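Trainee:
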Amino acid sequence: MNDSKLLRHLRGWFRRLYSRMSLTQSILAAAAVVSGIVVGLVFESINPALVVLIGLAVALLSALLSAIWFRDEVAKPVRQMTEATRHIAAGSYGTELPLPKKPDLAELAASINALSQEVSRTEKMQSEFISSISHELRTPLTAITGWSETLMFDPSIENDSRRGIQIIQKEAARLTGLVEELLEFTRIQDGRFKLNIELLDIESELEDTIFTYRELLRQDHLELRYSPAESEIALVPGDPERLRQVFLNILDNAAKYGREGKIIEVSVSADPEAVTITFRDHGPGIAPEELPHVKEKFYKGVSSKARGSGIGLAVCDEIITRSGGRLDISNAPGGGALVRVTLPFSEQGERHSNLPEGSE
């Protein structure tokens, strides 16, 4: 059972439970009123108006006691279960609930705990399997890449044979990239994913990435247009290697999915608190129903025919989030995908213009 289905099931169960408890309270209140009227009829000397007042008072007291019981015995455990299911749906597998006193709720809490532990074990097995397979693939891929590069220097290999070796090189490089993404994923899952944070010139890191990637885009008949910031940008805390990884992944996605648009635009802007780097392609964009899921690990939109692991953006989102920033993906007005990377300035950072001359 997936997370969304679990949440729908629990929400339906909670609604039915609340309905039953509300009905119980109503029955108790009505019973109190009826009992008050009966008492008044038995003792005819009591004023009928007083009988009604006594019945209402008893009903109010009954409702109050019922509400207190409901809050302590049902509402509090239900809130705990709701919060726990949210944590599980967000990826906190292994979360356990205390068992309430009420048998029905205790049974439900035990089922949630069992589900959480099972999902946690499955997630761990999946992560270990991916890590093992990825490491095993590295060795043959290294051999394939090395020998294909060696064969390209052989002048006797010509025409279709040379073209075949180039295809082998390209596909081996693609598989190597997939393996590296899978290894990054397993590092995130088991807590080995680390960032080496330092104050850096984010524009310089971005421009180095663009310089590296622009020629590759040109060979694929894609134009990359870069618009730097209008003024100097403050230093940003981040891991330069990881941020370049983010930029390359976003540019690679723009080239892969927005190829028919022929143009990729990159711009930098800043406000007093953060710098924003915007990537925009002119392709078909992202289907609206897929937008909320594009950063989920292993998600590959059904409308996309491009190949990939489905975890590149999940890794990018993890890097940006751990850097204190935000990765936003949407559709641009007029068509194409729009990706914004927002990174906050360091509280201790200084403007480049304020740095002493000759400092780095």
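For the sequence shown, numbering that gives the first Met the number 0 gives the first residue as 0, with consecutive numbering after it.
Here a beta-carbon is modelled for each residue, glycine too, at the ideal position from N, C-alpha and C.
These numbers come from a predicted model, not from an experiment.
Report all residues from its chain with a CB closer than 8 Å to the CB of Glu135; omit the five preceding and five following residues, and keep chain order.
Mentor: Stepping through the sequence shown from its first residue, residue 135 is reached at position 136. So the list is empty, once near-sequence residues are dropped.
Trainee: My output table needs one value for Asp280: the three-state DSSP class, helix, strand or coil.
Mentor: On the sequence shown, residue 280 is found 281 positions in, with the first residue counted as 1. Correct three-state label for Asp280: strand.
Trainee: Under the rule that 16 or more other beta-carbon atoms within 10 Å means buried, what is Leu181, buried or exposed?
Mentor: Here residue 181 refers to the residue found at position 182 when the sequence shown is read from its first residue. Classification for Leu181: buried.
Trainee: Going by C-alpha to C-alpha distance, which of Phe278, Arg162, Cys315 and Gln218 sits closest to Gly237?
Mentor: Working through the sequence shown from its first residue, we reach residue 237 at position 238. Looking at the Cα atoms, Cys315 is the closest of the given residues.
Trainee: Taking the alpha-carbon positions, what's the Thr406 to Val338 distance?
Mentor: Residue coverage of the chain in this structure runs from 0 to 359, which leaves residue 406 outside it and unanswerable.
Trainee: Can you give the Cα-Cα distance for Pro332 and Phe128, rounded to whole angstroms?
Mentor: As a working mapping, residue 332 is identified with position 333 in the sequence shown. As a working mapping, residue 128 is identified with position 129 in the sequence shown. One C-alpha to the other measures close to 42 Å.
Trainee: In terms of DSSP beta bridges, what is Leu199 paired with?
Mentor: Counted from its first residue, the sequence shown places residue 199 at position 200. In DSSP, Leu199 forms a bridge with Val235.
Trainee: State buried or exposed for Asp153, treating a residue as buried only when at least 16 other CB atoms are found within 10 Å of its CB.
Mentor: Mapped onto the sequence shown, residue 153 falls at position 154. Answer is exposed; the Cβ neighbour count stays below 16.
Trainee: Helix, strand or coil for Ala171, going by three-state DSSP, please let me know.
Mentor: If you number the sequence shown from 1, residue 171 lands on position 172. Helix.
Trainee: How about the region 250–259 and the region 212–224: do they share at least three Cβ pairs that are nearer than 8 Å?
Mentor: Contact between the region 250–259 and the region 212–224 is present, because at least three Cβ pairs lie under 8 Å.
Trainee: Using alpha carbons as the reference points, say which of Trp146, Ala142, Leu205 and Gly323 lies closest to Pro239.
Mentor: Against the sequence shown, residue 239 aligns to sequence position 240. Taking only the C-alpha atoms, the option nearest Pro239 is Leu205.
Trainee: What does the alpha-carbon distance come out to for the pair Leu60 and Ile67?
Mentor: The residue you call residue 60 lines up with position 61 of the sequence shown. The residue you call residue 67 lines up with position 68 of the sequence shown. For Leu60 and Ile67, the distance between alpha carbons rounds to 11 Å.
Trainee: With a 10 Å radius around its C-beta and 16 neighbouring C-beta atoms as the bar for buried, classify Gln244 as buried or exposed.
Mentor: Counting from one through the sequence shown, the residue named residue 244 turns up at place 245. When all chains shown are included, Gln244 counts as buried.
Trainee: Answer with buried or exposed for Asp280, where buried requires no fewer than 16 other C-beta atoms within 10 angstroms of its C-beta.
Mentor: Sequence index remark: in the sequence shown, residue 280 carries index 281 (1-based). The residue is buried, with at least 16 neighbouring Cβ atoms inside 10 Å.
Trainee: Between which residues of its own chain and Ile196 is the CB-CB distance below 8 Å, once the five residues before and five after are set aside?
Mentor: Walking along the sequence shown from the start, residue 196 turns up at place 197. Contacts found: Pro236, Gly237, Asp238 and Ser322.
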